[in-house]
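**Q** Here the protein sequences line up with chains R and E, keeping their order. Going by this note's numbering, the first sequence opens with residue 1460, and the numbers climb by one from there. Going by this note's numbering, the second sequence opens with residue 50, and the numbers climb by one from there. Quick one: the structure is below, and I'll ask about it shortly.
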Amino acid sequence: MRADLEIISEWIKPGSRVLDLGCGDGTLLKHLRDTRQVSGYGLEIDNDNVTRCIAAGVNVIQTDLDTDLSDFDDHSFDYVIMTQTLQAVRQPEKLLERMLRMGDEGIVTFPNFAHWRNRVQLALGGRMPMSRVLPNPWYSTPDIHLCTVRDFEQLCRERGFDVQQRVVVDHAHRRGVGSYLLPNLLGENALYRFRRA
Amino acid sequence: MPESFPADSIGLVSPRSITFDESLALHCGATLGNYTLAYETYGELNAERSNAVLICHALSSNHHAAGYYSTGDRKPGWWEACIGPGKPIDTNRFYVVCSNNIGGCNGSTGPASTNPDTGKPYGSDFPDILVKDWVHSQALLSDALGIERWAAIAGGSLGGMQVMQWSIDYPERLQHAIVIAAAPRLSTQNIAFNEVARQAIRSDPDFHDGNFYEHGVIPERGLRLARMLGHITYLSDDSMHARFGRELQEGSPTQGYGVEFQVESYLHHQGSKFARRFDANTYLLMTKTLDHFDPAGKCDDNLARAFAPARAKFLVLSFTSDWRFSEARSREIVRALLDNNKDVVYAGIEADEGHDAFLMKIPRYLEILHAYLDRVATEAGV
């Protein structure tokens, strides 16, 4: 179980209804189903991941998040979750809005681009940063909308999203004093739970 | 067992039939007395009777879903790609049943059967059939076979419609519903195609208003045309191009209106083959049954309400190049199921083969079915 999924699990009320956007192999939904009696659906575009979800008994709907999210009614979920996907979609801002239309609360996780190592690579090396959480070179990365902790919170303020919980962690999703005190400088991954103000 | 069958085939099979003493009350108000259902079974029913899978067939097929009738039989059943030992619908694990629909022409009571009231073939007097009637007759067959609850019911196209109807009419009698390349109801365009096919048959002078049996002829030209038209809609533009392109039959252009391009020759061949094996009245009846299928119709066009009684878990599959029953139509089904909080898995499979893809050995398709039916088998305890 990925540590970030463990943190998210702690945020989810037992018995709730969850939609997981970009659910991967269904690990989170399966975990939530088995430990928190959560019901819900996962959306995933990748064929191999869809097959793995089926094998795990997860309700998966093969879907392109960039084009077809119209299948879900407004406020049909308690939580809409999107882990490590926000930076890879074409219109993150619209998707965040959509999340809070389909669900009462949104949960997102993303790599913090302002982590000090990225800053050093860009400032001193003059190159696009690559790291454990951003492993791909600029020309082939799926991560087309990278942002920082500060950027995300700015967007939340502009859009009227209330951040309910925030955890900023290192690449292995460990919480530390550093990323607690200076999240935008020392955090590699950010996890947010938010709702409409 | 003769060695000439592929190792992953169920091999030699033979059709069976069952005749019911009680008459079948149809939704049109008519009743069918002393009716017969032809069916085939593959694999063994386990002691708990928990491993039965029902297959529903599409417009022009029948109960011969898998295996061969003889060692010389070149063509296996229509869903050989998916049914057999080690295949997705694994006959080592499941007891598989497929019946010929009422109104068919392969052993079940249909328009060519003798009408007990007149002693002559029903012909055009054969009553109208709804998908609900088929499902009802299949439920009675289930009773006769001692199957209270199906581990899964699966079907493509018109077969998928029967699966949906099963989930609505007999919610407690199926654990999983596998709906492939189907639609919640036909589009206007679909109905239009069906009507052209029907007119091709009805305007054939050999049709004799459906009573051609007593004239000793069959409306072969009409059936051939109907099938040629149907066939075009089952394939995609790309798959036709890939298979035939603009290749000429004789290598060089010919004068007049004979068969010139390979695609023409193919359609003629398919049409003739079909006209020899299929009953014209059955074709009319089944296309009408398709046209009338509309579970949402009784619920103010609200498909979600139509699915409210369903208890099954659903697998819905569509194919990218299917323009007869497109992906969008499958998503309508998915959406209605989501609105009801049903368990549902949906996958859109990339395939160039058009609507016919559901019959074919497409690796991605088989992979998904495998994964899903593994789950069905686990739940069934096999």
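For each residue, glycine too, the CB sits at the ideal point set by N, CA and C. Bear in mind the structure is a predicted one, so any value in this text is a computation, not a measurement.
Please tell me whether G279 of chain E and A246 of chain E are closer than 8 Å, where the distance is taken between their beta carbons.
**A** For the purposes of this step, residue 279 of chain E is taken as residue 230 along the second sequence, with counting starting at 1. For the purposes of this step, residue 246 of chain E is taken as residue 197 along the second sequence, with counting starting at 1. Taking 8 Å as the Cβ cut-off, G279 of chain E and A246 of chain E qualify as a contacting pair.
**Q** So is F1531 of chain R in contact with chain E if we call contact Cβ pairs under 8 Å?
**A** Position 72 of the first sequence, counted from the first residue, corresponds to residue 1531 of chain R. Closer than 8 Å to some Cβ of chain E, the Cβ of F1531 of chain R qualifies, so yes.
**Q** Comparing alpha-carbon positions, which option in E:R360, E:Q211, E:W372, E:R276 lies nearest N389 of chain E?
**A** Residue mapping note: residue 389 of chain E aligns to position 340 of the second sequence, counting from 1. The shortest Cα separation from N389 of chain E among E:R360, E:Q211, E:W372, E:R276 belongs to E:R360.
**Q** Looking at the structure shown, is F368 of chain E part of a helix, part of a strand, or coil, going by DSSP?
**A** Here residue 368 of chain E is taken as the residue at index 319 of the second sequence, counted from 1. Looking at F368 of chain E - three-state DSSP - the assignment turns out to be strand.
**Q** May I ask you to list, following chain order, the residues of the stretch 416–427 of chain E that have a beta carbon less than 9 Å from some beta carbon of chain R?
**A** Those residues of the stretch 416–427 of chain E that come within reach of chain R (Cβ to Cβ, closer than 9 Å) are E416, I417, H419, A420, Y421, D423, R424, T427.
**Q** For K362 of chain E, which three-state DSSP category applies?
**A** One-based indexing of the second sequence puts residue 362 of chain E at position 313. Strand at K362 of chain E.
**Q** Exposed or buried, G82 of chain E, counting other C-beta atoms within 10 Å across all chains shown (16 or more means buried)?
**A** As a position in the second sequence, residue 82 of chain E is number 33, starting the count at 1. Exposed, by the Cβ-count rule.
**Q** Check whether chain E comes within 8 Å of T1568 of chain R, counting only Cβ atoms and requiring the distance to be less than that.
**A** Here residue 1568 of chain R corresponds to residue number 109 of the first sequence, with the count starting at 1. For T1568 of chain R, the answer is no, since every Cβ of chain E falls outside 8 Å of its Cβ.
**Q** Following the continuous alpha helix (DSSP H) through L418 of chain E, name the residue where it begins and the one where it ends.
**A** Position 369 of the second sequence, counting from 1, holds the residue named residue 418 of chain E. From DSSP, the alpha helix (DSSP H) with L418 of chain E extends over 412–429.
**Q** Does the stretch 96–103 of chain E come close enough to the stretch 68–82 of chain E that 3 or more CB-CB pairs lie under 8 Å?
**A** The stretch 68–82 of chain E vs the stretch 96–103 of chain E: no contact.
**Q** Please state if the CB of S288 of chain E and the CB of G403 of chain E are separated by a distance shorter than 8 Å.
**A** The residue you call residue 403 of chain E lines up with position 354 of the second sequence. The residue you call residue 288 of chain E lines up with position 239 of the second sequence. Contact: yes.
**Q** Could you work out which residues of chain R lie near D392 of chain E, taking near to mean beta carbons separated by less than 8 Å?
**A** As a working note, residue 392 of chain E is residue 343 in the second sequence. Under the 8 Å cutoff, chain R gives N1518.
**Q** Excluding the five sequence neighbours on either side, which residues of its own chain have a C-beta within less than 8 Å of the C-beta of E309 of chain E, listed in chain order?
**A** Along the second sequence, one-based indexing puts residue 309 of chain E at 260. Here the set comprises L297, Q298, E299, P302, T303.
**Q** Quick check on DSSP: helix, strand or coil for F407 of chain E?
**A** The residue labelled residue 407 of chain E in the question sits at position 358 within the second sequence. Helix, per DSSP.
**Q** For P51 of chain E, which residues in the same chain have their Cβ closer than 6 Å to its Cβ, ignoring the five residues on either side in sequence?
**A** Here residue 51 of chain E refers to the residue found at position 2 of the second sequence. Note on P51 of chain E: pLDDT 49, under 50, position unreliable in the model; the coordinate value appears next. Once the five neighbours on either side are set aside, the close Cβ partners of P51 of chain E are T120.
**Q** Identify the continuous beta strand (DSSP E) that holds G86 of chain E and give its terminal residues.
**A** Start at 1 with the first residue of the second sequence, and residue 86 of chain E comes out as number 37. Rather than Gly, the amino acid found at residue 86 of chain E in this sequence is Leu. From DSSP, the beta strand (DSSP E) with L86 of chain E extends over 85–91.
**Q** At a threshold of 7 Å, does A353 of chain E count as lining the ligand ADP (C-beta to nearest heavy atom)?
**A** Within the structure as shown, the ligand ADP is missing, as the structure has no ligands at all.
**Q** To the nearest angstrom, report how far apart N260 of chain E and F175 of chain E are at their CA atoms.
**A** Taking the first residue of the second sequence as 1, we reach residue 260 of chain E at position 211. Taking the first residue of the second sequence as 1, we reach residue 175 of chain E at position 126. The straight-line gap from Cα to Cα measures roughly 11 Å.
**Q** Does any C-beta atom of chain E lie closer than 8 Å to the C-beta of V1458 of chain R?
**A** Because chain R in this structure spans residues 1460 to 1656, residue 1458 of chain R falls outside the shown range and cannot be described.
**Q** Secondary structure at S252 of chain E, three-state DSSP: helix, strand or coil?
**A** Numbered from 1 along the second sequence, position 203 holds the residue referred to as residue 252 of chain E. Coil.
**Q** Identify the contact partners of I1471 of chain R in chain E, using a Cβ-Cβ distance below 9 Å as the criterion.
**A** Here residue 1471 of chain R refers to the residue found at position 12 of the first sequence. Simply none; closest approach about 17 Å.
**Q** Taking the continuous beta strand (DSSP E) assigned at C131 of chain E, which residues delimit it?
**A** Residue numbering aside, residue 131 of chain E sits at position 82 when the second sequence is read from its first letter. Where C131 of chain E is concerned, there is no enclosing beta strand (DSSP E), given that its DSSP letter is neither H nor E.
**Q** Would you check if the distance between the CB atom of S1590 of chain R and the CB atom of Y1538 of chain R is smaller than 8 Å?
**A** Counted from its first residue, the first sequence places residue 1590 of chain R at position 131. Counted from its first residue, the first sequence places residue 1538 of chain R at position 79. No.
**Q** Got a sec? Which residues, its chain only, sit under 6 Å from R1597 of chain R by beta carbon, not counting five neighbours each side?
**A** Reading the first sequence from its first residue, position 138 is the one you call residue 1597 of chain R. First, the residue type needs correcting, since residue 1597 of chain R is Trp and not Arg in the sequence shown. M1587.
**Q** How many angstroms separate the CA atom of M213 of chain E from the CA atom of E1556 of chain R?
**A** Taking the first residue of the second sequence as position 1, residue 213 of chain E is located at position 164. Taking the first residue of the first sequence as position 1, residue 1556 of chain R is located at position 97. Spanning the two alpha carbons is a distance of roughly 34 Å.
**Q** Decide if E93 of chain E is buried, meaning its Cβ has at least 16 other Cβ atoms within 10 Å, or exposed.
**A** The residue you call residue 93 of chain E lines up with position 44 of the second sequence. By the neighbour-count rule (16 or more Cβ atoms within 10 Å), E93 of chain E is not buried but exposed.
**Q** Helix, strand or coil for M50 of chain E? Go by DSSP, reduced to three states.
**A** Start at 1 with the first residue of the second sequence, and residue 50 of chain E comes out as number 1. With a pLDDT of 46 at M50 of chain E, under the threshold of 50, the modelled position of that residue is not reliable, and no figure is offered here.
**Q** Between A87 of chain E and the rest of its own chain, which residues show a CB-CB distance below 8 Å, the 5 nearest in sequence each way excluded?
**A** As a working note, residue 87 of chain E is residue 38 in the second sequence. Closer than 8 Å at Cβ, skipping near neighbours: P64, R65, S66, N111, H112, S148, N149, G153, N155, G156, S157.
**Q** Under 8 Å, do H1574 of chain R and I1466 of chain R count as touching if we go by C-beta distance?
**A** Here residue 1574 of chain R corresponds to residue number 115 of the first sequence, with the count starting at 1. Here residue 1466 of chain R corresponds to residue number 7 of the first sequence, with the count starting at 1. Not in contact: H1574 of chain R and I1466 of chain R (Cβ atoms no closer than 8 Å).
**Q** Answer yes or no: does any C-beta atom of chain E fall closer than 8 Å to that of Y1500 of chain R?
**A** Locating residue 1500 of chain R in the first sequence gives position 41, where the first residue counts as 1. Cβ-Cβ to chain E under 8 Å: yes for Y1500 of chain R.
**Q** Could you say if the stretch 410–422 of chain E and the stretch 177–191 of chain E meet the contact criterion of at least three C-beta pairs nearer than 8 Å?
**A** The stretch 410–422 of chain E is not in contact with the stretch 177–191 of chain E.
**Q** Just confirm the distance between the C-beta atoms of F293 of chain E and G271 of chain E, as a whole number of angstroms; I'd bet it's less than 8 Å.
**A** Taking the second sequence and counting its residues from 1, the one referred to as residue 293 of chain E is at position 244. Taking the second sequence and counting its residues from 1, the one referred to as residue 271 of chain E is at position 222. Actually they are not in contact, since the Cβ atoms of F293 of chain E and G271 of chain E sit about 24 Å apart, beyond 8 Å.
**Q** Could you check the C-alpha separation between H317 of chain E and M277 of chain E for me, to the nearest Å?
**A** As a working mapping, residue 317 of chain E is identified with position 268 in the second sequence. As a working mapping, residue 277 of chain E is identified with position 228 in the second sequence. Their Cα atoms are separated by approximately 7 Å.
**Q** Since L1488 of chain R and G1481 of chain R should fall inside the 8 Å C-beta cutoff, what is the C-beta to C-beta distance between them, to a whole number of angstroms?
**A** Along the first sequence, one-based indexing puts residue 1488 of chain R at 29. Along the first sequence, one-based indexing puts residue 1481 of chain R at 22. Incorrect: roughly 12 Å between the Cβ atoms, too far for contact.
**Q** Taking DSSP as the reference, what is the three-state secondary structure of L1478 of chain R?
**A** Along the first sequence, one-based indexing puts residue 1478 of chain R at 19. Of the three classes helix, strand and coil, the one that applies to L1478 of chain R here is strand, per DSSP.
**Q** How would you label R326 of chain E, buried or exposed, when you count the other beta carbons within 10 angstroms and need 16 or more for buried?
**A** The count along the second sequence starts at 1 and reaches residue 326 of chain E at position 277. Counting Cβ neighbours within 10 Å, R326 of chain E comes out exposed, since fewer than 16 surround it.
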